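In this note's numbering, the protein residues as written are 6 to 311.
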């Protein structure tokens, strides 16, 4: 069976845990439904944080037009990361928290995967742009590459590493226990899009513009989360690898990005999405037969579904 369709449930040895999954009360419920518990905390608090720039833009709060990036950072480090760590501590105890952060900083994985997460998407985007008729601008190549590297590095350590600790290291890993790679990626993509909904209102909007923006976010999030799941398997659960991929993607898919400069202007996002899809198709066979990140961490053939 393909690595993209291995969502079967198989009873096998348990991962050592401190939390009481079978106990009563709210702790027992959190231990049994960690992702649901996380979303019940993170979604309302996240909407409250990201709603501030929307309310300020429309004059309901002082401040005028506020920078959404600051509130996205606050969402990550003040809401999502603490909520995920709290849920893991309840469900799996301190050992679970240690496993989570071990994924965050796992850097020992194959050189080929390092090349893939660092270069495959931007190089693929440039190649697709050239094939479509764009021209390559190389007159100031060192400066363009340096600015692109810096544009990826700062967000990587400020936001993406902690954001992917939540989405890849916690949400996607837990969902894959029950649902398999593809469904876990889709569900994570929906949750990712949902928590960012308030940003669609931080400007002039209509119902159709909000729906179009949400559809676009989903159209990008779904293939990205699938690739993130593949990278997790290929790197034995390295959140760092997914965070690097995320930072490189963000730094190269928009107007005035390094890829945009190399292609002499014009939005490269369509080429970037196509590169993402192609990279997913190329890397999927490489993880066929590999267990999930947790299975590779523990040396078991499967883990309990939750």
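Note that the Cβ used here is the ideal one computed from N, Cα and C, for glycine as well. Remember, it's a predicted structure, so these values are computed and weren't measured experimentally.
How many angstroms separate the CA atom of residue i from the CA atom of residue j?
i, j, result
"residue 265", "residue 240", "30 Å"
"residue 195", "residue 216", "14 Å"
"residue 51", "residue 213", "23 Å"
"residue 238", "residue 254", "19 Å"
"residue 149", "residue 33", "52 Å"
"residue 272", "residue 53", "31 Å"
"residue 191", "residue 229", "10 Å"
"residue 117", "residue 128", "15 Å"
"residue 147", "residue 82", "33 Å"
"residue 113", "residue 59", "41 Å"
"residue 208", "residue 261", "21 Å"
"residue 164", "residue 87", "14 Å"
"residue 45", "residue 269", "45 Å"
"residue 63", "residue 55", "14 Å"
"residue 66", "residue 72", "14 Å"
"residue 144", "residue 158", "24 Å"
"residue 61", "residue 299", "43 Å"
Leaving out five residues before and five after residue i in sequence, what residues of the same chain have Cβ atoms less than 8 Å from its Cβ?
i, result
"residue 23", "Confidence in residue 23 is poor, its pLDDT being 43 and thus under 50, which makes the residue's placement unreliable; the coordinate value appears in the next sentence. 97, 98, 99, 100 and 101."
"residue 219", "198, 202 and 205"
For residue i, which three-state DSSP category applies?
i, result
"residue 166", "helix"
"residue 38", "coil"
"residue 110", "coil"
"residue 53", "helix"
"residue 273", "coil"
"residue 266", "helix"
"residue 142", "coil"
"residue 67", "coil"
"residue 299", "helix"
"residue 288", "helix"
"residue 211", "coil"
"residue 201", "coil"
Taking all protein chains shown into account, do 16 or more other C-beta atoms lie within 10 angstroms of the C-beta of residue i, making it buried, or fewer, making it exposed?
i, result
"residue 138", "exposed"
"residue 201", "buried"
"residue 115", "exposed"
"residue 1", "Outside the modelled stretch of the chain, which goes from 6 to 311, sits residue 1, for which no answer is possible."
"residue 39", "buried"
"residue 173", "buried"
"residue 154", "exposed"
"residue 250", "buried"
"residue 187", "buried"
"residue 95", "buried"
"residue 125", "buried"
Would you mind giving the Cβ-Cβ distance between residue i and residue j, rounded to the nearest angstrom? I have them listed as a contact below 8 Å.
i, j, result
"residue 248", "residue 166", "4 Å"
"residue 43", "residue 92", "5 Å"
"residue 177", "residue 242", "The pair is not a contact, with the Cβ atoms about 10 Å apart (cut-off 8 Å)."
"residue 263", "residue 256", "6 Å"
Once the 5 residues before and after residue i are set aside, which same chain residues still bring their CB inside 6 Å of it?
i, result
"residue 292", "8, 235, 238 and 239"
"residue 104", "none"
Return yes when at least one heavy atom of the ligand FAD lies under 7 Å from the C-beta of residue i, else no.
i, result
"residue 177", "Absence of the ligand FAD is noted for the structure shown, with no ligands found whatsoever."
Who are the near neighbours of residue i in its chain, counting only those whose CB is closer than 7 Å to its CB and skipping five residues on each side?
i, result
"residue 279", "133"
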